[in-house]
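Asker: Residues in the sequence shown are numbered from 580 upward in steps of one, following this note's numbering.
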Amino acid sequence: MRRQLVALATGFTLIVSACGGGGGSGSSPTTAASSSPSAAAATCTVGVSWNNYQEERWAKWDEPAIKAAIAAGGGKYVSNDAKSSAETQASNVDNLISQGAKVLIILAQDGTAIKPSVAKAIQNGVPVIAYDRLIEDPKALYITFDNVLVGKLEAQAVFAAKPKGNYAIIKGNKADANADFLRSGMEQVIGAAVKANDIKIVGETYTDNWDPAKAQTNMEQILTQNQNKVDAVLSENDGMAGGVIAALTAQGLAGKVPVSGQDGDKAALNRVALGTQTVDVWKDARLLGKTAGDAAVQLCKNSDPSKVSGTAKFTTPGNNSLSSILLTPNPITTANLNDVLTAGWITKADLCQGVPAGRASACG
């Protein structure tokens, strides 16, 4: 079903498929030009539109990897931040083009709302990379981790810990297609048990902007509605898992109820070591950023997304066929916490903060 392309030391694999963030930094996206004297530096300007640069992940992991790849290709990096506003992002795209962007990388705040801006850019000869989040335009290049697989891996870990009982499902932003991709992967694992009445879904909700505080409120409401009789929680990302676990902690349930997450957030990996989060599906954002930066440089030379190395066709929920590059994630549990240590993703001090002796082998 998948064809292996690149194996990295981090244990990740870049794949092509025929199928289908953390605390605020308070910083702003940066602009950098390559010092290379190559002609590409003058012609290949790559504009990056961040949906919300205040999330720690983008500044810490994704942006440096994107910038390094563009610089290595002799290009120039420019960017701006929509600050969680779909309307602002639309004008930001125009602004990047006015700054001379020959290729756009867009982390969409709202994949539907940004479609007219994407179509306009492509029509005017500016290719677009839909970064991490789907934009339903058949002429865009979609680069992300395999989010159906992410959801499947999340559910597998929770299901292994609690194969029967009352489940709550805390989904991400409704306007983000990833929320439904993740839910689809979860269904592959729990669907049969739900039909057999071994699992009862006692609460399922989208969460505006993947907001941890809203996830906590949603979880509190589900606990209240079910007299705290919740046996497992499928949370679609780490930030929301933090909100879920805060709600569970208030009821004395943290560590007793399996909880999933994904992104490899520092706090979440610490929760895995502590035993309050069951799994953190790690998506090495350094690999994602490098892949997008490399692709952008290639698109400067040839605007056809299908000619970018490593692409395969991906059929979207809207039945569009996009060129895509999907990457494979790594589910982190207490059994393989050393993976994130050896990859330099987190320090042992951060991973093991407050972890009792003997709780996690990676912490000694």
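Each residue gets a CB set at the ideal place from its N, CA and C atoms; glycine is no exception.
Based on DSSP bridge pairs, tell me the residues matched to Phe724.
Answerer: For the purposes of this step, residue 724 is taken as the residue at position 145 of the sequence shown. Paired residues: Leu906.
Asker: With DSSP as the reference, label Lys743 as helix, strand or coil.
Answerer: Locating residue 743 in the sequence shown gives position 164, where the first residue counts as 1. Coil.
Asker: Which runs of the alpha helix (DSSP H) spanning at least 4 residues fall entirely within the segment 729-784, listed in chain order?
Answerer: 756-774
Asker: Below 7 Å CB to CB, which residues in the same chain sit around Thr667 once its five sequence neighbours on both sides are set aside?
Answerer: Walking along the sequence shown from the start, residue 667 turns up at place 88. Closer than 7 Å at Cβ, skipping near neighbours: Ala661.
Asker: Measure the C-alpha to C-alpha separation of Thr520 and Gln856 and round it to an integer number of angstroms.
Answerer: Since the first residue of the chain shown is 580 and the last is 943, residue 520 is not available in this structure.
Asker: Tell me the rounded alpha-carbon separation between Asn659 and Ile684.
Answerer: Counting from one through the sequence shown, the residue named residue 659 turns up at place 80. Counting from one through the sequence shown, the residue named residue 684 turns up at place 105. Looking at the two C-alpha atoms, the distance is approximately 11 Å.
Asker: Could you please give the first and the last residue of the uninterrupted beta strand (DSSP E) stretch that includes Lys699?
Answerer: Working through the sequence shown from its first residue, we reach residue 699 at position 120. No beta strand (DSSP E) contains Lys699, which is instead part of the alpha helix (DSSP H) from 694-702.
Asker: Residues in the same chain with beta-carbon distance under 6 Å from Gly602, minus the five sequence neighbours each way, listed in chain order, please.
Answerer: The residue given as residue 602 occupies position 23 in the sequence shown. Low confidence applies here, because Gly602 scores a pLDDT of 35, under 50, leaving its location unreliable; read the following figure in that light. So the qualifying residues of the chain are Glu635.
Asker: Using a Cβ cut-off of 8 Å (strictly closer), state whether Gly782 contacts chain B.
Answerer: Protein chain content of the structure displayed is limited to a single chain, and chain B is not contained in it.
Asker: Let's test the definition: count the other Cβ atoms within 10 Å of the Cβ of Ser903 and tell me whether it reaches 16, buried, or not, exposed.
Answerer: Position 324 of the sequence shown, counting from 1, holds the residue named residue 903. Ser903 comes out buried.
Asker: Between which two residues does the beta strand (DSSP E) harbouring Val858 extend?
Answerer: Position 279 of the sequence shown, counting from 1, holds the residue named residue 858. Residues 858-861.
Asker: Does DSSP classify Gln877 as helix, strand or coil?
Answerer: To locate residue 877, count along the sequence shown from 1; it is residue 298. Correct three-state label for Gln877: helix.
Asker: Compute the Euclidean distance between the alpha carbons of Gly679 and Leu867, then round it to the nearest angstrom.
Answerer: Locating residue 679 in the sequence shown gives position 100, counting from the first residue. Locating residue 867 in the sequence shown gives position 288, counting from the first residue. C-alpha separation (whole angstroms): 24 Å.
Asker: Looking only at DSSP bridge pairs, what is Val625 linked to?
Answerer: Residue mapping note: residue 625 aligns to position 46 of the sequence shown, counting from 1. Val625 pairs with Tyr656, Val682.
Asker: By the three-class DSSP mapping on this structure, what secondary structure does Thr912 have?
Answerer: The count along the sequence shown starts at 1 and reaches residue 912 at position 333. Thr912: coil per DSSP, three-state reduction.
Asker: Could you give the distance in angstroms between the alpha-carbon of Asp759 and the alpha-carbon of Ile722?
Answerer: As a first step, residue 759 must be located in the sequence shown, where it is residue number 180. As a first step, residue 722 must be located in the sequence shown, where it is residue number 143. When rounded, the distance between both Cα atoms is 17 Å.
Asker: Since Val887 and Leu878 are thought to touch, with beta carbons under 8 Å apart, how far apart are those beta carbons, to the nearest angstrom?
Answerer: Start at 1 with the first residue of the sequence shown, and residue 887 comes out as number 308. Start at 1 with the first residue of the sequence shown, and residue 878 comes out as number 299. Contact holds; Cβ gap of about 7 Å.
Asker: My assumption, with CB atoms under 8 Å, is that Val781 sits in contact with Ile801. Please give the rounded CB distance.
Answerer: Taking the sequence shown and counting its residues from 1, one reaches residue 781 at position 202. Taking the sequence shown and counting its residues from 1, one reaches residue 801 at position 222. That belief holds up - the Cβ atoms of Val781 and Ile801 are roughly 7 Å apart, short of 8 Å.
Asker: Any idea which residues DSSP pairs Gln710 with across the strands?
Answerer: On the sequence shown, residue 710 is found 131 positions in, with the first residue counted as 1. Residue identity differs from the one stated: residue 710 is Tyr in this sequence, not Gln. In the DSSP output, where bridge partners are listed per residue, Tyr710 has Ile722.
Asker: Which residue or residues does DSSP assign as beta-bridge partners of Val812?
Answerer: On the sequence shown, position 233 is the one that residue 812 refers to. Answer by DSSP bridge pairing, in chain order: Ala747, Val838.
Asker: Closest to Cys623 by CA distance: which of Pro935, Ala939, Pro706, Asn745 is it?
Answerer: Here residue 623 refers to the residue found at position 44 when the sequence shown is read from its first residue. Checking every option, the nearest Cα to that of Cys623 belongs to Pro706.
Asker: Applying the criterion that 16 or more other CB atoms from any shown protein chain within 10 Å of the CB defines a buried residue, is Gln806 buried or exposed?
Answerer: One-based indexing of the sequence shown puts residue 806 at position 227. Of the residues assessed, Gln806 falls on the exposed side of the cut-off, its CB having fewer than 16 other CB atoms within 10 angstroms.
Asker: Just how far apart, CA to CA, sit Gly952 and Pro896?
Answerer: What the structure shows of the chain is the stretch from 580 to 943, and residue 952 is not part of that stretch, so it cannot be assessed.
Asker: Which residues does DSSP pair with Leu901 in a beta bridge?
Answerer: Within the sequence shown, numbered from 1, the residue matching residue 901 stands at position 322. Answer is Phe893, bridged to Leu901.
Asker: Can you tell me the Cα-Cα spacing of Trp637 and Gly843, whole angstroms?
Answerer: Position 58 of the sequence shown holds residue 637. Position 264 of the sequence shown holds residue 843. Spanning the two alpha carbons is a distance of roughly 13 Å.
Asker: Which first and last residues belong to the alpha helix (DSSP H) in which Val705 is found?
Answerer: Taking the first residue of the sequence shown as 1, we reach residue 705 at position 126. No alpha helix (DSSP H) contains Val705, which DSSP labels as neither H nor E.
Asker: Counting C-beta neighbours from all protein chains within 10 Å, is the total for Gly751 16 or more, i.e. buried, or is it exposed?
Answerer: Start at 1 with the first residue of the sequence shown, and residue 751 comes out as number 172. Gly751 is buried by the Cβ-count criterion.
Asker: Assuming Pro608 contacts Leu728 under a Cβ cut-off of 8 Å, what Cβ separation, rounded to an integer in Å, is found between them?
Answerer: Taking the first residue of the sequence shown as 1, we reach residue 608 at position 29. Taking the first residue of the sequence shown as 1, we reach residue 728 at position 149. A Cβ-Cβ separation of about 29 Å leaves Pro608 out of contact with Leu728 under the 8 Å criterion.
Asker: Spatial neighbours of Gly652 within its chain, please: CB distance less than 6 Å, with the 5 preceding and 5 following residues excluded, ordered by chain position.
Answerer: The residue labelled residue 652 in the question sits at position 73 within the sequence shown. Same-chain partners within the cutoff: Val876.
Asker: Throw me the rounded Cβ distance for the Leu813 and Tyr746 pair, which I believe falls under 8 Å.
Answerer: In the sequence shown, the residue the question calls residue 813 occupies position 234. In the sequence shown, the residue the question calls residue 746 occupies position 167. Taking a contact as a CB-CB distance under 8 Å, the pair Leu813 and Tyr746 counts as one, their CB atoms being some 6 Å apart.
Asker: Compare the C-alpha of Asp949 against each of Ile701, Gly834, Asn797 and name the closest.
Answerer: Lying before the first or after the last residue shown, residue 949 is absent from the chain, which here runs from 580 to 943.
Asker: For Ala775, count neighbouring Cβ atoms within 10 angstroms of its own Cβ and tell me buried if that reaches 16, exposed if not.
Answerer: Translated into the one-based positions of the sequence shown, residue 775 becomes position 196. The residue in question, Ala775, is exposed, as its Cβ has fewer than 16 Cβ neighbours within 10 Å.
Asker: I'd like to check one pair, Glu715 with Ile748: are the Cβ atoms closer than 8 Å?
Answerer: Counting from one through the sequence shown, the residue named residue 748 turns up at place 169. Counting from one through the sequence shown, the residue named residue 715 turns up at place 136. No; because the gap between Cβ atoms is not below 8 Å, this pair is not in contact.
Asker: Go through its chain and collect everything with a Cβ distance to Ala739's Cβ below 6 Å, but skip five positions before and after it.
Answerer: Walking along the sequence shown from the start, residue 739 turns up at place 160. Excluding residues within five positions, none has a Cβ falling inside 6 Å.
Asker: Using a Cβ-Cβ cutoff of less than 6 Å, which residues in the same chain neighbour Ala644 once the five nearest sequence positions on both sides are dropped?
Answerer: Reading the sequence shown from its first residue, position 65 is the one you call residue 644. The answer, listed in chain order, is Arg865, Gly868, Lys869.
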